[in-house]
Structure formats: structure tokens, C-alpha cells
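In the working numbering, the protein residues as written are 19 to 211. Heads up, the beta-carbon is just placed ideally off N, CA and C, and yes, glycines get one too. This one's a predicted model, so the numbers in the text were calculated from it and none came from an experiment. Here is the structure we will look at, set down as C-alpha cells.
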Amino acid sequence: MDKPYFVHASSYVDEGCEIGEGTKIWHFSHIMKGCRIGKRCNIGQNVVISPDVVLGEGVKIQNNVSVYTGVVCEDGVFLGPSCVFTNVINPRAFIERKSEYRKTTIRKGASVGANATIVCGHDIGRFALVGAGSVVTKDVPDYALVYGCPAGVRGWVCRCGEQLKFSGGRAVCRACGKQYEIDEAGKTVKEMD
Numbered sequence: 019m020d021k022p023y024f025v026h027a028s029s030y031v032d033e034g035c036e037i038g039e040g041t042k043i044w045h046f047s048h049i050m051k052g053c054r055i056g057k058r059c060n061i062g063q064n065v066v067i068s069p070d071v072v073l074g075e076g077v078k079i080q081n082n083v084s085v086y087t088g089v090v091c092e093d094g095v096f097l098g099p100s101c102v103f104t105n106v107i108n109p110r111a112f113i114e115r116k117s118e119y120r121k122t123t124i125r126k127g128a129s130v131g132a133n134a135t136i137v138c139g140h141d142i143g144r145f146a147l148v149g150a151g152s153v154v155t156k157d158v159p160d161y162a163l164v165y166g167c168p169a170g171v172r173g174w175v176c177r178c179g180e181q182l183k184f185s186g187g188r189a190v191c192r193a194c195g196k197q198y199e200i201d202e203a204g205k206t207v208k209e210m211d
């Protein structure tokens, strides 16, 4: 019986994985035991998904990404080429620290740019945008635009990815028209109904 998903002949999928309908796994990738991958995901070339990783629906992973145990990507997450995750804060080759893996969650709709590094134990907020080459060393708020080393909040973005310009605590996306408000401290953005 045909599988409801595609795996290129050069890739490996270990026993005990759940893979959703319409997902595509491209060349030279390895999906390890216990992974749960949602529907309509696209996993690029030379990607490793480590044991027990969870990917929601519609996740897109570009080439040369390793998603390590402890990482959860919610629906609609984008991981750019060669971005990097860690799962131990103080690794040593001669000390096993599997019991110390820290959880990292990439929330719904967030994007991580090419060559960015996400240090374990930090969450990326809903629809946030991490700039290429950034090093994330703390939690990223919803809708935040972060970049740099270490990454800092440099602005705010719409769920469609366009940068927002706030005036009087409110912003309207010039691309899609969605409306947002920011708190008085300038640290929390939310969509308006």
C-alpha cells in the first residue's frame, strides 16, 4: 500500500515515526525514531530530525538543518537553510547529558532565518521573525522581529511577515490590512479583532 506521504529513496525514516499526509521528505534526510510530523510538511535536503521531535502541520524545513531532541515546531513554522538548534547548555564529548536536554518551542507561524542559532531552553513566539545569522539567547515575544548576536528585538512584524510601524499604540499592516496594538511598555503586541 502506498504511503500518504513522500520520502525520497536516498532518505531514511526509522520505525516508530508518525508522518502526516502530504508531507514530503527530500534527498539525504534522516527522520529518527519517535518523531511526530504533521500533514503537508516539507523537509528539505540533508535534514536530520532527532528522536521524539514534534513538527506541527505545514512546517517547512530548508536544506541542511538538524532539529534536535527537545525541539517542538508548531503549525506553519519556517526553518531557513542551515539554521542551528542546540539541546544541551554545556556539552562535553566525554559526558553524556541526555537527561539534561532543554525544550525549545517554535510557536505557530514563526520563521527562523538562514544560519540562525537557537540556544536551547528558549521559545520563539507566534509569528515572530528571527533574522538570518542571529543568535537567540532568550525568549522571543510574539510578532517580534529579532536579529543580531545576541538577537534583540528590533521591531515587530505582521503574521504575513511585513514589518509593522506603530503610532499611538496601534499599527495596520500595509500588505494585508491586519491591525495590531502594542502595550504601553512596548513589549507585547497582539492582533486586534
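By the criterion of a C-beta distance shorter than 6 angstroms, A193 is surrounded in its chain by C178, E180, once the five residues flanking it on both sides are discounted. Apart from sequence neighbours up to five positions away, the residues of its chain that approach C53 with a beta-carbon distance below 6 angstroms are C35, I67, V71, ordered along the chain. Distance check between G127 and each of C101, V77, R58 places V77 closest, using alpha-carbon atoms only. Residue environment analysis places S28 among the exposed positions, since fewer than 16 neighbouring C-beta atoms fall within 10 angstroms of its C-beta. CA-to-CA, the gap between Y86 and K21 works out to about 25 angstroms.
Residue ranges of uninterrupted alpha helix (DSSP H) with 4 or more members are absent from the region 33–106; none lies entirely inside it. About 4 angstroms separates the CB atoms of T135 and V102; that is less than 8 angstroms, so the two are in contact. Here DSSP, grouped into helix, strand and coil, assigns K21 to coil.
The three-state secondary structure of E118, taken from DSSP, is helix. With respect to G143, Y165 sits apart: the two C-beta atoms are not nearer than 8 angstroms. The Cβ neighbour count for A169, taken over all protein chains shown within 10 Å, is at least 16; the residue is labelled buried. For V158, there is no enclosing beta strand (DSSP E), as DSSP marks it with neither H nor E.
For D157, the CB contacts under 6 angstroms within the same chain, skipping 5 residues up- and downstream, are H140, D141 in chain order.
Taking K121 as the centre and dropping the five residues before and after it, the same chain places the C-beta of G88 closer than 6 angstroms to its C-beta, in chain order.
Annotation: R125 to E75 spans about 12 angstroms, alpha carbon to alpha carbon. Spanning the alpha carbons of D201 and S84 requires a straight line of approximately 36 angstroms.
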